[in-house]
Amino acid sequence: MQAAVDAAKTAFPTWSRTSVLTRQQIMFNFQNLIKKNMKVLAANITSEQGKTLADAEGDVLRGLQVVEHCCSITSLQLGETMSDVSRDMDTLSFRIPLGVTAGITPFNFPAMIPLWVRTQSLARLSVQCVALR
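No gaps in the numbering here: position 66 of the sequence shown is 66 in full-length UniProt numbering, and each next residue is one more.
In structure tokens form, the structure reads like this:
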């Protein structure tokens, strides 16, 4: 686990400077890989976890839906502005990379929850590098 965290820390400076459009393209490619390999992913889950094939396919599909949502990163990354919140005062918010996050996920959803953790962090949230166990 420490090696994964160290690798994420090393990758963070470069990843934090990656444009939102580049990250969007990465999410599109990731989405495409999942779609192309859904049956194989579900079969692996069935083989490794003992889930029924239908349940495993649903697990992959629900994770894919989050990946598809993250493909809209160009609008998800928009900050917020509010003018005139008080006399001579406006507020601005920015979404900027902050650092490394970790996700420990349950064994009973081997695709869905890791995809939630990983794609939200990589594509959208303020944290840009993920160590997932």
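Just so it is clear, CB atoms sit at the ideal spot from N, CA and C, and this is done for glycine as well.
#### Entry: Entirely enclosed beta strand (DSSP E) segments - the UniProt domain "Aldehyde dehydrogenase" (2–123), minimum 3 residues
Segments of the beta strand (DSSP E) lying fully in the UniProt domain "Aldehyde dehydrogenase" (2–123): 80–86, 89–93 and 100–103.
### Message
Judging by CA-CA distance, which residue of Leu115, Asp88 and Leu78 is the nearest neighbour of Leu41?
### Response
Nearest option by C-alpha distance: Leu115.
### Message
Are the CB atoms of Met38 and Val67 within a distance shorter than 8 Å?
### Response
Judged by beta-carbon spacing, Met38 lies beyond the 8 Å limit of Val67, meaning their Cβ atoms are not closer than that value.
#### Entry: Inter-residue CB distance, Gln49 and Pro110 (contact presumed, cutoff 8 Å)
Right, the Cβ-Cβ distance comes to about 6 Å (below 8 Å), so this counts as a contact.
### Assigned exposure category for Ser121 - 16 Cβ within 10 Å defines buried
Ser121 counts as buried, since no fewer than 16 other beta carbons sit within 10 angstroms of its beta carbon.
### Query
DSSP state of Leu125, grouped into three classes?
Per-residue confidence for Leu125 stands at a pLDDT of 48, beneath the threshold of 50, marking its modelled position as unreliable; the derived number appears in the next sentence. If DSSP states are grouped into helix, strand and coil, Leu125 belongs with coil.
### Message
I want to know whether the stretch 20–40 touches the stretch 99–109 - three or more CB-CB distances under 8 Å.
### Response
Counting Cβ pairs under 8 Å, fewer than three are found: no touch.
### Query
Among Cys71, Gln77 and Ile34, which residue has its Cα nearest to the Cα of Gly58?
Gly58 has its Cα closest to that of Ile34, out of Cys71, Gln77 and Ile34.
### Query
For Ala8, is the classification buried or exposed, using 16 other Cβ atoms within 10 angstroms of its Cβ as the cut-off for buried?
Buried is the label assigned to Ala8, since at least 16 other Cβ atoms lie within 10 Å of its Cβ.
### Query
For Met27 versus Thr105, is the C-beta spacing smaller than 8 Å?
For the 8 Å CB-CB criterion, Met27 and Thr105 do not form a contact.
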